[in-house]
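Encoded as structure tokens, the structure appears first; notes follow it.
In my numbering, the protein residues as written are 11 to 197.
This is the structure in structure tokens:
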């Protein structure tokens with residue numbers, strides 16, 4: 011098992027490095043290619059996989075400083091670049107490595123609204139771009155409230171009727187088929 015584990019880590023590290031280099035070099039030349047193709051974005055997922063193999067350290071000071079930096083990276087108006095993506099991934103990785111549950115952020119992270127948004131996060135991620143693209147394509151300008159309302163509603167329905175029920179048992183029912191057909195025609 012140890013040898014297999016070593017080769018897995020090594021292969022994952024090499025593939026991560028190649029993917030990151032491809033992403034950085036291609037980002038300015040062909041944004042769409044670098045942003046949407048898996049070989050250019052693999053590094054983001056694989057860095058999370060590599061974190062599994064690293065020891066974790068509880069350090070509330072590092073965690074707090076890192077969260078402030080992550081907040082600034084995300085909220086300050088910075089031009090979109092490959093290095094912005096890299097800084098967000100590194101900051102998120104540091105948050106995971108130095109996570110200490112006994113900090114002031116624990117109350118925030120344990121908040122029921124934050125937990126619910128976390129549960130919906132994958133569905134929010136999946137719906138935001140198609141909805142944005144659809145309304146731009148149709149020439150419909152939505153205000154931010156309506157945009158988030160539509161995405162939250164679709165995300166909630168996706169989570170409730172598709173994601174959550176399929177976590178334990180994957181069974182196709184009439185309700186699921188109806189929801190899929192409704193979703194298809196909605197898009």
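Positions of the beta carbon are idealized from the N, C-alpha and C atoms, including for glycine.
- In this structure, residue 80 and residue 105 form a Cβ contact; the two beta carbons are roughly 7 Å apart against a cut-off of 8 Å.
- Exclusion of the five residues before and after residue 152 leaves 145 and 160 as the residues of its chain whose Cβ lies within less than 8 Å of its Cβ.
- Burial is judged here by how many other beta carbons sit within 10 angstroms of a residue's own beta carbon; residue 134 has at least 16 and is buried.
- Between residue 39 and the set 147, 92, 55 and 137, the nearest pair of CA atoms involves 92.
- As the crow flies, the alpha-carbon of residue 149 is around 14 Å from that of residue 157.
- In the structure shown, residue 57 adopts helical secondary structure according to DSSP, grouped into three states.
- DSSP places residue 114 in the coil class of the three-state scheme, outside both helix and strand.
- Between the alpha carbons of residue 107 and residue 138 lies a distance of about 29 Å.
- In the DSSP annotation of this structure, the continuous segment of the alpha helix (DSSP H) that includes residue 45 starts and ends at 41 to 46.
- The shortest C-alpha to C-alpha distance from residue 128 to any of 71, 165, 89 and 142 is the one to 165.
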